[in-house]
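Here is the structure we will look at.
Protein chains in written order, with my numbering: chain A, 1255 to 1541; chain B, 185 to 469.
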C-alpha cells in the first residue's frame, strides 16, 4: 500500500510527434485490438440478452437482425430483480454514507488530536488489513446470526462498516490539512463540532469522493458476504440474485438480461465519475 | 497540538473503535480460537487443541485445495502482470484518444465477478464463440471448463481480462513518474529501446511492479467468486480452491471449527507474503 500512496499521476508535457500520420496507425493497431477483445464479452452479454427464445447459432447469433426485449420482460416477471436492485442500492449507498461519516470523524481525531492509546489503536486497526476477510467470515456470520440479524439489511450492512482502508486514507489526507487552519478557527471561538464540519470536512471532499466511489463499487459487486448473510430471495442483492437465476437454469437470454441489469448502474456511475476511479487506483490498492 | 481535546477525541473515535472491536478484531481473534475447537452450529463448542490442523494435514481435499490455489496463482499472476506491463507501456504513449482506450480497459475491473462469470461461462461453453472460432480452423471443440487440466488455465485467462486494467493503471502511474530526462539522455547515448527498458524503465518501475505482483498473489490466493459461479469447484474438484474449501466446510457442512482452521492457514500464507514483501522492499531502498 505504501508505494502507491506516494504516487500520483502527474500531468506531463505533451510529446512532440515527429511523424503523426505514419506512427499513429501503428500505435492504434495494438490498442484497438486489445480494446476489441476487452469489449467483446460485454457485446456478447448485450446481444444475447436481446434474442429471447431464438435458437442459438454462431456466428449469426452475434449479429442480430431483430431486437427482442422479451428476456428483460421475463427476467422482471419471473424474478424479483427490481427488488434485488433496490437492496443492492441500499446496501451500497447506506454503507458509503456511514463509512464516510464514521471514518472521517475518527480519522480527524487520529490525525489532529492527542489522546491516550492513539498510536496503538490506529495501527492495530491498520494491521487488520493483513488478516484475510475469509478468516473473519465465519465468526461474523455466527455473531450476526446470534444477534438475530441474519437475513436482514442491518445484518448485511453493519459488519462492513469497520473499513480500515477508509480510515487510513482519510487520516493520511487530514494530516495534510495545516494545523494553523484549525488553530485559527479555534481562536475565532469555533467549537469542536464546528471546526470539524466547517473547516475539516469541506477540505476532505476529494478524498471522500474517491473513497465513496470505491466503497460503492466494492459493495455493489460484493458476493460472498451477501451470499452467507441473506437467505430469502427477497433479501438478495443483485450478484446473489444473478447467481440464483443462473443456477435455476433459466434461458441464456434471461440470464444475460439480468447480467445487463446488474452491470448498467455501475457503468453509469463509472461514466459519470470516472476520474475518481482512476484516482482511487493510483492512490492505493484499495480492495 | 495541545492536550485539550482529549475527551472529545475519544468521543470521535468511539464509533470506529466499537465497530472494529465487534466486527473485525473480535471476529479475527474468534476465528483463530474457533480453529482450535469443534463447533457445529447445532452443538456445543468443544476445545480440541490442534486436532483440526492435524485433520487438515491428513485431508487430501485440503491438499488438493492448496495445490489448486497454488497452480492458479502460478499461472494467473505472471500472465496478468506481463499483460498489464505491456499495456501500460502502450498506454504511456500520447496517442490520440488514449484516454478512451484506458477507460475501456478498466471496464472489466468495475464489473462484478458474478456478471463476468456468467458471460465467460458462455464464451467458454461447448457451443460458445471461442469453440466456434477454433472450429473454423478445424480445432476443437476444446473443453475449456469441463476438463480438469484445462480449467485453471481457462480461469487464469479470464482473470487477465478482469484484472489487467487495474494493474495497468498502477504501472502507468509508475511509468509516467519516471523523469523523461533519463530516457532522453539514454537516447542521446544511442541506447536501444530494449536496453532503455531494461536499464531505465524496469529499475524505476520496481516499486510499482512489486506492489502489483504482491497484490495479485494475495488476490489469487483468495480466489472464490469466479470459481463459485463458473465451475462450482469442478470438474472433479480440479478448481476447488482454498477459500472454496473454507466456504464448503463452513457453509455446506457447517463445520465452523474445521473451516476456521483453513482460514488460519490462509492468514499464515498472506502474512508470509506480506512480510516477504516488506523485507524485499526494505532491501530495495
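All residues carry an ideal CB built from backbone N, CA and C; glycine is no exception.
- When burial is assigned at 16 or more other CB atoms within 10 Å of the CB, is residue 447 of chain B buried or exposed? Answer is buried; the Cβ neighbour count reaches 16.
- Please name the residues in the stretch 1327-1347 of chain A whose beta-carbon is closer than 7 Å to at least one beta-carbon of chain B, in chain order. none
- Query: If the cut is a Cβ gap below 9 Å, which residues of chain B does residue 1321 of chain A touch?
  - Reply: Correct list: empty, because the minimum Cβ distance to chain B is about 19 Å.
- Message: Quick check: what's the CA-CA separation for residue 1452 of chain A versus residue 1379 of chain A?
- Response: Between residue 1452 of chain A and residue 1379 of chain A, the C-alpha separation is close to 27 Å.
- Got a sec? Which residues, its chain only, sit under 7 Å from residue 1296 of chain A by beta carbon, not counting five neighbours each side? none
- Check the Cβ-Cβ distances between residue 1369 of chain A and every residue of chain B, and say whether any is below 8 Å. yes
- Starting from residue 232 of chain B and walking both ways along the alpha helix (DSSP H), at which residues does that stretch end? Counting along the chain, residue 232 of chain B falls outside any alpha helix (DSSP H), and DSSP gives it neither H nor E.
- Member of B:370, B:245, B:344 whose CA lies at the smallest distance from the CA of residue 1291 of chain A: Looking at the Cα atoms, B:344 is the closest of the given residues.
- Query: Which stretch, first to last residue, makes up the alpha helix (DSSP H) that contains residue 1424 of chain A?
  - Reply: 1418-1429
- Are the beta-carbon atoms belonging to residue 1485 of chain A and residue 1404 of chain A less than 8 Å from one another? yes
- Query: Hey, quick one: how far does the alpha helix (DSSP H) through residue 247 of chain B stretch, first residue to last?
  - Reply: 244-275
- Message: Here's the rule: buried if 16 or more other CB atoms are within 10 angstroms of the residue's CB, otherwise exposed. What is residue 368 of chain B?
- Response: Residue 368 of chain B comes out exposed.
- residue 1443 of chain A beta carbon less than 8 Å from that of residue 1338 of chain A: no
- Does the beta-carbon of residue 1540 of chain A have 16 or more other beta-carbons within 10 angstroms, so that it is buried, or is it exposed? Low per-residue confidence applies at residue 1540 of chain A: pLDDT is 38, beneath 50, and the placement is therefore not dependable enough to give any value.
- Determine the DSSP secondary structure at residue 454 of chain B, reduced to helix, strand or coil. helix
- Under a three-way DSSP split, which group does residue 226 of chain B fall into? coil
- On the premise that residue 426 of chain B lies in contact with residue 450 of chain B, defined as a C-beta separation below 8 Å, what is that separation, rounded to the nearest angstrom? 6 Å
- Message: Could you check whether the Cβ of residue 336 of chain B sits closer than 8 Å to any Cβ belonging to chain A?
- Response: no
- Message: So with CB distances below 8 Å, who are the chain B contacts of residue 1375 of chain A?
- Response: For residue 1375 of chain A, the chain B residues whose C-beta falls within less than 8 Å of its own C-beta are 197, 201, listed in chain order.
- Item | Residue from B:297, B:324, B:220 whose Cα sits closest to the Cα of residue 232 of chain B | B:220
- Return the Cβ separation of residue 353 of chain B and residue 290 of chain B in integer angstroms, given the expectation that the two are a contact with Cβ distance under 8 Å. 7 Å
- Query: Comparing the C-beta of residue 228 of chain B with each C-beta of chain A, is any distance below 8 Å?
  - Reply: no
- Message: Whole angstroms are fine: how far does the CA of residue 1535 of chain A sit from the CA of residue 402 of chain B?
- Response: 17 Å
- Item | chain B within 8 Å of residue 1384 of chain A, Cβ atoms only | yes
- Item | Short-range partners of chain B found in the stretch 1461-1488 of chain A, where Cβ spacing is below 9 Å | Of all residues in the stretch 1461-1488 of chain A, only 1471, 1474, 1475, 1476, 1477, 1478, 1481, 1482 come within less than 9 Å of chain B when Cβ atoms are compared, listed by chain position.
- How many whole angstroms separate the CB atoms of residue 1463 of chain A and residue 1530 of chain A, which I take to be in contact at a CB cut-off of 8 Å? Yes, they are in contact, since the Cβ atoms of residue 1463 of chain A and residue 1530 of chain A sit about 5 Å apart, within 8 Å.
- Message: Quick check on DSSP: helix, strand or coil for residue 1406 of chain A?
- Response: coil
- Query: Residues of chain B with CB under 9 Å from residue 1455 of chain A, in chain order?
  - Reply: Those do not exist, as residue 1455 of chain A stays about 12 Å from chain B at its closest Cβ, beyond 9 Å.
- Do you know offhand how far residue 1518 of chain A's Cα is from residue 1373 of chain A's? 43 Å
- Message: If you measure between the beta carbons of residue 336 of chain B and residue 423 of chain B, is that distance less than 8 Å?
- Response: Note that the C-beta distance between residue 336 of chain B and residue 423 of chain B is below 8 Å.
- Message: Closest to residue 1459 of chain A by C-alpha separation, out of A:1355, A:1510, A:1512, would be which residue?
- Response: A:1355
- Message: For the structure I just gave you, are there three or more beta carbon pairs, one from the stretch 1507-1522 of chain A and one from the stretch 1320-1339 of chain A, closer than 8 Å?
- Response: yes
- Can you check DSSP and say which residues form a bridge with residue 439 of chain B? B:224
- Query: From residue 318 of chain B to residue 1298 of chain A, what distance separates their C-alpha atoms?
  - Reply: Rounded to whole angstroms, residue 318 of chain B to residue 1298 of chain A spans 17 Å at the Cα level.
- Item | Backbone CA spacing between residue 196 of chain B and residue 400 of chain B [nearest angstrom] | 35 Å
- Message: Quick check on the DSSP output: what are the complete alpha helix (DSSP H) runs of length 4 or more inside the stretch 322-405 of chain B, in order along the chain?
- Response: 335-360, 364-372, 377-380, 386-405
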